[in-house]
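First comes the structure, then the notes that go with it.
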Amino acid sequence: VSPDGEEGYPGAVEVWVSYLLTHENELRIDYRAQCDAPTPVNLTHHSYFNLAGAGAPTVLDHELQVAASRYTPGDATLIPTGE
């Protein structure tokens with residue numbers, strides 16, 4: 226719950242999130258928000274996974290491949306370039 230006026234936003238907001246691991250081993254995250262006044266809402270998550278297993282010291286040796294037709298280019302500090 227975010228009360229009316231928190232961080233300068235109008236209206237109180239209630240948010241619900243559900244996590245589901247499908248039979249296809251997909252992680253599905255669903256959000257629902259309800260506001261009592263017109264209020265901008267932009268929800269995300271910051272999940273981190275260490276595929277080397279519990280107790281592994283780092284994820285820096287992991288490689289990730291994403292089959293995507295589009296992406297947002299970033300600079301050396303990972304800030305989007307706008308291209």
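Residues 226 to 308 in my numbering are what the sequence shown spells out, letter by letter. We treat Cβ as the ideally placed atom computed from N, Cα and C, and that holds for glycine. Because the structure is a prediction, the values reported are computed rather than measured.
Asked: If the criterion is Cβ atoms closer than 7 angstroms, does the pair Ala258 and Val238 meet it?; Found: yes
Asked: What three-state label does DSSP hand Gly233 in the structure shown?; Found: helix
Asked: Which residues mark the beginning and the end of the beta strand (DSSP E) in which Ile254 is found?; Found: Leu252 to Cys260
Asked: Grouping DSSP H, G and I as helix and E and B as strand, with all else coil, what is Glu239?; Found: strand
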